[in-house]
Structure formats: C-alpha cells, structure tokens
Amino acid sequence: MNTKRILMTIAMIFALSMSVSAQGWLGRLKDKAVDAAKNAVERNVERKADKEADEASDAVLNKKKGSNDDEIEYEDAEVADQGDDTPVDAKNQKSDFVRGSVILFEDDFSNEQMGEFPSKWDISDGSLEVASVNGKKYAHSNATGGSVFSPLMENMKSYLPDVFTLEWEEFMCKPGDIDQMNWHIYFYNGDDEIANIYKMFRPGSPDVYGNYSFRKGGGASGYVTGNLNWNDLQKCVKFGQWNHFAISFNKRAFKYYINGQRVINLPNVAAPSRFEFHVSDGYPYRGVGHVILAKGAADLYQRQTTDLSAVEKAIAETGKFVTNNILFETGKATLKPESMAEIQKVADYMKKNPTARFEVQGHTDNQGSDKINDPLSQQRAEAVVKALEGLGCDPFNMRAVGKGSHEPVADNATEAGRAKNRRVEFIKK
C-alpha cells in the first residue's frame, strides 16, 4: 500500500515536471516563431524598399539618358523639366529682374468690355478687341493681316525714360490648338527703328525660337544681333498658360526675360523712345495681357550689395521694408519667378540679422470683394514666408498676415495707385 502510494507520488511529480518543461519549451518555441516572423517582415520591407530605390534610380538614369517622355509637362507645367528637384530660382542666377519704382502705364484689361477696342491703346495697323483666355482678359488681334499697336500716351513719339522696365503677358497654347504664331516687339527713336525682337511659337513641335537686332549705343556703328533657340527657351516657357515677359533697360544695357529667366543681355545699345507690339494675324491667342511700363530699373552693377543696403536702410529708418516687386499669378497665391530676386534680398537681410523677427503682410488693391481679397492676401503672405524659409530663413522669426485692401497707401481710383497698393510689407517686431 505504501509502495503504491510512493510510486503514484513519483509518477505525479514526474508528470508535473514534464508539464512545466513542456510549457517552457512551448514558450521558447513561440518566442522563436515570433522572432522568425519579425525577421521575415523586415526582410520583405527591405526587399520592397530596395526594389523601389532601384526603380527610382533607373528612372533617374533613363531621364539622364534623354527620355523624351519626361522632358516637358504640357498640363499645368511651371517650367520645362530641369533634371532635379532644385527650384529653378535657387540654382539659376539669371533671375534678376526688378520692376521700376514708378508706374507710367498699366493695363490689365479687367475693366474693359469683351469685344470692344481696349481704351488705353492706339493702333497703326489692323484691329484689336478685348478677349479672354483662362479667365484673363487681353488685347487680341482680330485682323487677318495682323495688328500693330502701342500704349496711348501723351507724347506718342517719346515716352520711354532712359531707365525703364516693361512687362506683358502672352498665352502659349498647348500642342494641337494652332499650328504656329509669330510676334515682334519693335523699338524706335522717334520714327527711326533701332531694335526688334522676333519670336516664333510652334505648339505642335513644340518649340519656340527667334532672333533679335539692336543698334549699338554710344555712337558706335552697326548692330548687335543674335538668335533665341529652343534649347534655352524650353527651360522657361510654360505651355497652356500665360507667360510673363519683361524688359529692363538702363541707359544703355538691355535685358529680356521670359518668366523671370534672362534670355537676352546686351551691354550697349541705343536708347529707345517708344515701342510697338506687332502680332502676326487674327487667330486665337494673338495678343498681349497685363502690360506694365515703369520708370527705374535695377542698377547696372553691384546689384546684390545695393539691394541689401536698400533693405537695411529702409528697416533702419522706418522699421519696415515695403516692396511692389513681389508678384503673383492673377487671383492666386502663386509667386511669379521674377519675384525671387526681391525675396532673395530680404532673405539676405534676415540671415544677416538672425534674431530679428518680422510680420510679413500681404496687401491687395480694391479690385474684387473683401471675401476674395482678405484670404488671398493671407495666402500670399504665407507663400512669401514659405519662399523665405526655402532660402534658409528661420520660420520662427516670421508671421504671415493678410491685410486685404483695408490699408491702402495710394488712390485705388487710378492704375498707378492700385499698383502701389498691391504690395508686401516686412515689418520688424
């Protein structure tokens, strides 16, 4: 009896120890299974990441080899592909356009009636009417043989100062809309033609090319000529959108820009006294939009030093820097490329004074309702802050504030006044 009890006790102890050992073994097996599963997931993730990296690398390699599919974006493209993600204005030092400080003439055609002759223009050949593309009004040539037109000024033979900037917009349609369109701008001294720029746009190819001819200045004889080729222009032309063109003339130096990128730079040409637009025919898109003629331009040399000292002087004397040279797409908070030169000099000041804090204010004119202008001015101020941050400025030191049209500094009843009211202010706090 006692022997049986002893044997049963021994059996129970053995069984219990086996159960405990089994639980420990199962636990260890479970841990190993979990570790194996984790390792498998990690290996899958690594393989997927490696595959995606390889595909991205192949895509970059194919693009560098000249894949035509990625060279130009026709829908909603800002600029032709640059080959990397660096902003155009951050790596291309040709974006130095600065609008003159005094507006002599401005017409965005917004107050003109559709189908009527634009009231601020004179014509010497053909015919003009106010039309609209993508919601923007412009002066459209509706004459089969083309049109020649110029701004209506008090002295039609001489209205360009010795230092001036000229800006206008043209719509570059998408492939398939039209076969081609050509365009000239001529410059005169009185009745004497002294310069012209010719441009041919073929959306079906697509390409843009042209040439220019300028009489030399300073009493020198002859002309300076050159070509505009597609390899250069494809870097700045935007398809299916309005494009910004600009000219800066300083006594003898002539510069020509497309969407903020300088494509002509001549050091010594004859000074013009007036200009004319020549549009080839009356098909769609022929014409110009939002024309601005201003007195003044950037200095010929030492631009960076002068620009920075101007910001420093304004802030030292008034506690703020006010500029009309930060430009946006009409009705949007999208910065135009030519704005980067102005933003850069503000960035230079901020980086030179890293503890200074600023309120960045966006202001509009009174065209449109407060319901539109108030949020638009806020979005534009935020866009400027974002651009400054991209140039290395500390976002902690900037606060974006939209003022709408509530704080005008000039008369909104005139074009010149509205131009002054459309501004950005950097107020030191």
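For any residue, its number in the working numbering is found by taking its place in the sequence shown, counting from 1, and adding 114. Here a beta-carbon is modelled for each residue, glycine too, at the ideal position from N, C-alpha and C.
**Report entry** Between the CA atoms of S335 and D190 - distance to the nearest angstrom
**Finding:** With a pLDDT of 32 at D190, under the threshold of 50, the modelled position of that residue is not reliable, and no figure is offered here.
Query raised in the report: Relative to the alpha-carbon of N310, which residue among G518, R494, F391, A527 has its alpha-carbon at the smallest distance?
Result: F391
Query raised in the report: For K459, is the classification buried or exposed, using 16 other Cβ atoms within 10 angstroms of its Cβ as the cut-off for buried?
Result: buried
Query raised in the report: Straight-line CA distance for S394 to W344?
Result: 20 Å
Query raised in the report: Is there at least one Cβ from chain B nearer than 8 Å to R388's Cβ?
Result: Of the chains in the structure shown, none is chain B; there is only one protein chain.
Query - S233 versus E452: straight-line alpha-carbon distance, rounded - result: 28 Å
Requested in this report: Would you mind reading off the limits of the alpha helix (DSSP H) that contains P489?
Outcome: 484-504
Query raised in the report: If you check the beta carbons only, do G304 and S387 fall under 8 Å apart?
Result: yes
Query raised in the report: Is the stretch 356-365 close to the stretch 268-288, with three or more CB pairs under 8 Å?
Result: yes
Report task. Would you check if the distance between the CB atom of L407 and the CB atom of I372 is smaller than 8 Å? Result -> no
Query raised in the report: Under the DSSP definition of a beta bridge, which residues are partnered with V251?
Result: The identity of residue 251 in the sequence shown is Lys, whereas the question assumes Val. According to DSSP, which records beta bridges pairwise, K251 is partnered with S246.
Query - Three-way DSSP call (helix, strand, coil) for T311 in this model - result: The question names Thr, but residue 311 is Ile in the sequence shown. Three-state result, I311: strand.
Query raised in the report: Where do the N-terminal and C-terminal ends of the beta strand (DSSP E) with I378 fall, by residue?
Result: 375-380
Query raised in the report: CA-CA distance, L449 and G240?
Result: 35 Å
Query raised in the report: For P265, which residues does DSSP report across the bridge?
Result: W235
**Report entry** Assigned secondary structure, M454 (DSSP; H/G/I helix, E/B strand, else coil)
**Finding:** helix
Query raised in the report: How far does the beta strand (DSSP E) with K288 in it reach, from first residue to last?
Result: Unbroken run through K288: none, as it is neither H nor E.
Query - Minimum length 3: unbroken beta strand (DSSP E) runs contained in the stretch 339-394 - result: 355-364, 367-372, 375-380, 388-393
**Report entry** Contact the stretch 422-436 vs the stretch 461-477: 3+ CB pairs below 8 Å
**Finding:** yes
Query raised in the report: Which two residues bound the contiguous alpha helix (DSSP H) that contains G531?
Result: 529-535
**Report entry** Assumed close pair I457, A514 - CB separation to whole angstroms, cut-off 8 Å
**Finding:** Wrong, their Cβ atoms sit about 13 Å apart, outside the cutoff.
Requested in this report: Excluding the 5 residues preceding and the 5 following Y252 in the sequence, name in chain order all residues of the same chain whose CB lies nearer than 8 Å to its CB.
Outcome: F223, V244, A245, S246, E283, F285, G401, V402, G403, H404
Report task. Could you check which residue in I541, K542, R537 has the C-alpha nearest to that of R213? Result -> R537
Query - Same chain, Cβ closer than 7 Å to E226, neighbours up to 5 away in sequence not counted - result: P232, S233, V244, K251
Requested in this report: Report the rounded CA-to-CA distance for K517 versus N438, giving the unit in angstroms.
Outcome: 15 Å
Requested in this report: Could you tell me which residues DSSP pairs with N225 in its beta bridges?
Outcome: Its beta-bridge partners do not exist; DSSP assigns none.
Query raised in the report: Roughly how many whole angstroms lie between the Cα atoms of K542 and V262?
Result: 48 Å
**Report entry** K512 - partner residues in DSSP beta bridges
**Finding:** The sequence given here places Met at residue 512; Lys does not occur at that position. In the DSSP output, where bridge partners are listed per residue, M512 has F472.
Requested in this report: Please list, in chain order, all residues of the same chain as N341 whose beta carbon is under 7 Å from its beta carbon, the five residues on each side excluded.
Outcome: N325
**Report entry** Nearest-angstrom Cα separation, counted from N357 out to V351
**Finding:** 7 Å
Query raised in the report: Is A408 helix, strand or coil by DSSP?
Result: strand
**Report entry** Contacts around F211, its chain only, beta-carbon distance under 8 Å, and the 5 residues preceding and following it disregarded
**Finding:** T279, A360, S362, K369, Y371, G374, R376, A412, E452, A455
Query raised in the report: By how many angstroms is the C-alpha of T478 removed from the C-alpha of G445?
Result: 10 Å
Requested in this report: With DSSP as the reference, please indicate the residues paired to L449 in a beta bridge.
Outcome: F442
Query raised in the report: Taking the alpha-carbon positions, what's the K288 to F353 distance?
Result: 5 Å
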